Structure formats: structure tokens, C-alpha cells
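Here the structure comes first, spelled out in C-alpha cells, and everything after it is commentary.
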Amino acid sequence: MFSLADLQNKPRFFLLAGPCVIEGERMALEIAEEIAGIAQRWQIPYVFKGSYRKANRSRLDSFTGIGDEKALKILRKVHETLGIPTVTDIHETHEADMAAEYVDVLQIPAFLCRQTDLLVAAAKTGKVVNIKKGQFLSPAAMQFAAQKVLDAGNPNVMLTERGTTFGYTDLVVDFRGIPEMKQFGFPVVMDATHSLQQPNQTSGVTGGMPALIETIAKAAIAVGADGLFIETHPNPAEAKSDGANMLPLASLEGLLQKLIRIWEAIQDDNSPNI
1 MFSLADLQNK PRFFLLAGPC VIEGERMALE IAEEIAGIAQ RWQIPYVFKG SYRKANRSRL
61 DSFTGIGDEK ALKILRKVHE TLGIPTVTDI HETHEADMAA EYVDVLQIPA FLCRQTDLLV
121 AAAKTGKVVN IKKGQFLSPA AMQFAAQKVL DAGNPNVMLT ERGTTFGYTD LVVDFRGIPE
181 MKQFGFPVVM DATHSLQQPN QTSGVTGGMP ALIETIAKAA IAVGADGLFI ETHPNPAEAK
241 SDGANMLPLA SLEGLLQKLI RIWEAIQDDN SPNI
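No gaps in the numbering here: position 212 of the sequence shown is 212 in our numbering, and each next residue is one more.
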């Protein structure tokens with residue numbers, strides 16, 4: 001079974017990347033194959049990300065998915081075809097066992113990170129559990145979310161920073177949170193795309209600032225993030241969900257090359273930790 005050991009103690013930071021939501025089999029396989037090739041070239045441990053369903057939408061008519069079982073089967077096919085692990089998010093307790101049959105990592109959405117029953121249900125599957133930090137929580141508070149998973153008997157936990165609510169329609173990233181959460185002993189991931197969302201827009205469609213993805217990713221690696229979460233699509237403008245803050249797939253490899261140089265510089269740096 002896939003575990004955190006498969007991501008840690010590698011020559012590079014690790015990467016969780018893929019489309020926001022599974023839109024179809026061909027699209028998922030093409031994106032996964034492209035990223036897997038990039039990751040292999042640059043020795044980056046890689047987990048394919050795709051939501052089988054989007055539960056948190058701004059409007060009732062927003063796209064939510066192609067059907068749970070259909071999307072989950074596509075995630076399994078990505079794993080079987082390319083030999084790479086997969087991650088998807090769950091929203092209610094009954095989804096944990098269902099999704100665990102198809103993927104390697106269960107992700108807890110930021111708005112649900114305090115839901116005890118959901119965390120325990122995810123933990124009991126034995127899968128790696130990635131908990132996104134709530135936009136309303138301090139980094140220090142995430143130790144309690146992680147502890148729920150540990151207390152349920154599962155040590156495979158990682159935490160993801162995705163920004164903090166700033167006013168009504170924006171997020172900011174406090175990079176002090178990455179080293180602070182690392183002190184708890186769990187791998188810490190930076191969500192370089194959702195942290196640039198601009199939610200609750202008057203149009204009812206979430207906005208974003210994708211031009212700053214590189215900035216967020218560079219800063220995260222510089223302060224010691226263990227991994228990066230990046231939603232990417234061949235044409236974000238045509239993505240069915242969260243296109244406003246996605247990275248164009250064609251830009252991914254160039255970004256990762258820059259991040260590797262930062263990562264390597266940090267490994268050679270004997271100065272005190274930030």
C-alpha cells in the first residue's frame with residue numbers, strides 16, 4: 001500500500017498535480033501522462049490529483065462532476081495505466097470507504113478540516129490522509145486535525161497550506177505557517193493554486209490570480225515546503241472548474257525546473273533555518 005515513505009526522503013520535493021475535477025477519461029490520462037513524464041525526467045515524486053466530484057460550488061448550476069463511480073474508475077485507470085498514485089477529496093464520512101477503493105490518498109477539503117467524523121473515517125481506511133488547512137484556522141490549530149487521524153490509528157498524515165481568508169473576497173499566504181506546521185512532524189504541502197483564489201465574487205464564480213502561482217511556489221520551496229499541490233489543465237479557460245486559478249499545463253515543466261534550483265540551493269545552505 002502507498003505510504004508517506006514513498007514521497008519522503010527523495011532527491012526532490014514531491015508534487016500533487018492534475019485537473020481540478022475529472023472531466024473525462026481521455027483528458028485525465030493525457031494530463032497524468034504529461035505530468036508523469038515531467039516528474040520522471042526531474043526525479044520528482046508524483047501523485048495525480050483529480051476530484052471525482054466538486055461539492056463546494058458557488059452556484060447550484062456550477063459543474064460538479066461526471067458521476068462519482070465513473071470518475072473514480074478513471075482515477076483507478078490512471079493508476080493502473082501509468083503506475084502512479086492518485087489523490088482525490090472526500091466530503092462526507094460514507095465517501096471514505098468508497099473512494100479508498102480507487103485512490104491512494106484521501107484529501108480533506110479546507111472547509112471540512114475540523115470535521116472529526118470525516119477525519120476518522122478517512123484515517124480508518126489506512127490510506128494517506130492529506131488535510132488542507134482551513135482558511136479560517138491558524139497553522140498551530142492544524143496539529144489537532146492531524147492528531148485526530150493519528151488517534152484513529154493512521155500515522156500517514158500530511159498538511160496542506162492554502163491561504164487564509166483576507167476580507168470577504170481574497171486570500172493571503174502567511175509563509176510562517178509552513179515551518180510552523182513542519183514542527184508537528186508531518187510533511188507540509190503548499191497549494192500554489194487554491195491559495196490564489198478570489199472566492200465569493202459578486203458574479204458567483206470564483207476568481208483567481210494565476211500569474212502569481214510561480215511566486216507562491218518559489219516562496220514555499222524557499223521556506224521549506226516538502227511538496228507542492230498544483231492544479232493544471234491544458235487550457236484553463238476551458239476547464240469546467242477553478243480555471244481562474246489554474247496553471248497552464250505547458251508552463252509546468254519550466255516552473256518545476258526553477259523550483260528545483262531553489263530546492264538544491266536550500267539543501268546546500270548551512271545558514272540557520274528561516
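All C-beta atoms, glycine included, are put in the ideal place defined by N, C-alpha and C. Being a predicted model, the structure only gives us computed values, none of them experimental.
Could you please give the first and the last residue of the uninterrupted alpha helix (DSSP H) stretch that includes residue i?
i, result
"residue 116", "116-124"
"residue 101", "First-last for residue 101: undefined, no H or E at that position."
"residue 144", "142-151"
"residue 190", "It is not in any alpha helix (DSSP H) - residue 190 instead sits in the beta strand (DSSP E) that spans 188-191."
"residue 70", "68-82"
Straight-line CA distance for residue i to residue j?
i, j, result
"residue 255", "residue 152", "38 Å"
"residue 18", "residue 233", "7 Å"
"residue 273", "residue 68", "Confidence at residue 273 is low in this model, with a pLDDT of 48, below 50, so the placement of that residue should be treated as unreliable; the coordinate-derived value is given next. Straight-line Cα distance between these residues: approximately 44 Å."
"residue 137", "residue 164", "7 Å"
"residue 229", "residue 156", "17 Å"
"residue 180", "residue 35", "30 Å"
"residue 172", "residue 142", "17 Å"
Buried or exposed: residue i, going by 16 or more other Cβ atoms within 10 Å of its Cβ?
i, result
"residue 11", "exposed"
"residue 168", "exposed"
"residue 107", "buried"
"residue 208", "buried"
"residue 162", "buried"
"residue 123", "buried"
"residue 8", "exposed"
From what residue to what residue does the beta strand (DSSP E) around residue i run?
i, result
"residue 230", "227-233"
"residue 48", "46-49"
With a CB to CB cut of under 6 Å and the five nearest residues on each side skipped, what residues in its chain are close to residue i?
i, result
"residue 119", "148, 149"
"residue 85", "2, 47, 104"
"residue 251", "none"
Tell me, to the nearest whole angstrom, how far the beta carbon of residue i is from that of residue j; I am working on the premise that it is less than 8 Å.
i, j, result
"residue 220", "residue 186", "Rounded, the Cβ-Cβ distance is 15 Å, inconsistent with contact."
"residue 195", "residue 178", "Rounded, the Cβ-Cβ distance is 11 Å, inconsistent with contact."
"residue 189", "residue 225", "7 Å"
Here's a check: name, in chain order, each residue in its chain whose Cβ is nearer than 7 Å to the Cβ of residue i, leaving out the five neighbours to either side.
i, result
"residue 146", "131, 157, 159, 184, 186"
Residues in the same chain with beta-carbon distance under 8 Å from residue i, minus the five sequence neighbours each way, listed in chain order, please.
i, result
"residue 166", "172"
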